[in-house]
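Q: Numbering (this note's numbering), first residue to last: 17 to 196. Ideal Cβ positions, reconstructed from N, Cα and C, are used throughout, including at glycine. Fair warning: this is a prediction, and the values are worked out from it, not measured in the lab.
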């Protein structure tokens, strides 16, 4: 009987170890049509080429299974698209779980070079070879993990709250220039 208990205990420990040490499988959600409507309306206002994700990873506890988007005061020289937990949400801090921004680099308060030089940030390369900067979330605070890229004269950021590097990289690597 002792041998049987020992064998079962060993099998359970091994199964738990395999589950915990297995690579995490990402669950991602394609962008809903209602979000593309926000992309279209933002593109009509801004002169900055919209870089938008086609996938938002669902591994962060902050990301809901269903989401909406809103465009926050787009201008000719910048745009901000907030991905929200609810439709017509008015309090961005309560609703937003991810944000994509694009701006004319000359008008950005922080340059790509300054972001690259910050000690907590990491210089990385995206899957298409684009140089990028990863900025981790600040532990204990509701801050996003972000990836910044500069393409030509434009600075872009992709952020997900309560996320890790893998999640944000999946989002930014799926981003493409939006065109109707």
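What runs of the alpha helix (DSSP H), each 4 residues or longer, lie entirely inside the region 96-165?
A: 108-111, 128-133
Q: May I ask you to report which of helix, strand or coil DSSP gives residue 63?
A: coil
Q: What residue range is occupied by the uninterrupted beta strand (DSSP E) comprising residue 71?
A: 71-73
Q: DSSP three-state call for residue 41: helix, strand or coil?
A: With a pLDDT of 48 at residue 41, under the threshold of 50, the modelled position of this residue cannot be trusted, and the question is left open.
Q: Helix, strand or coil: how does DSSP classify residue 49 here?
A: helix
Q: Between the C-alpha atoms of residue 145 and residue 120, what's the straight-line distance to the nearest angstrom?
A: 21 Å
Q: By DSSP's criteria, residue 89 is part of a beta bridge. Which residues make up the other side?
A: Answer is none; residue 89 lacks a bridge partner.
Q: Along the beta strand (DSSP E) that carries residue 170, what are the first and last residues, could you check?
A: 170-177
Q: Measure the alpha-carbon distance for residue 70 versus residue 126 and round it to whole angstroms.
A: Computed Cα separation, rounded: 26 Å.
Q: Kindly indicate which three-state DSSP category residue 58 falls into: helix, strand or coil?
A: helix
Q: For the alpha helix (DSSP H) containing residue 196, name the first residue and the last one.
A: Careful: residue 196 lies outside any alpha helix (DSSP H) and carries neither H nor E.
Q: Based on Cα-Cα distance, which residue from 81, 130, 92 lies nearest to residue 48?
A: 81
Q: Which residues in the same chain as residue 98 place their Cβ atom closer than 7 Å to its Cβ, once the five residues preceding and following it in sequence are excluded?
A: 85, 86, 88, 108, 112, 115
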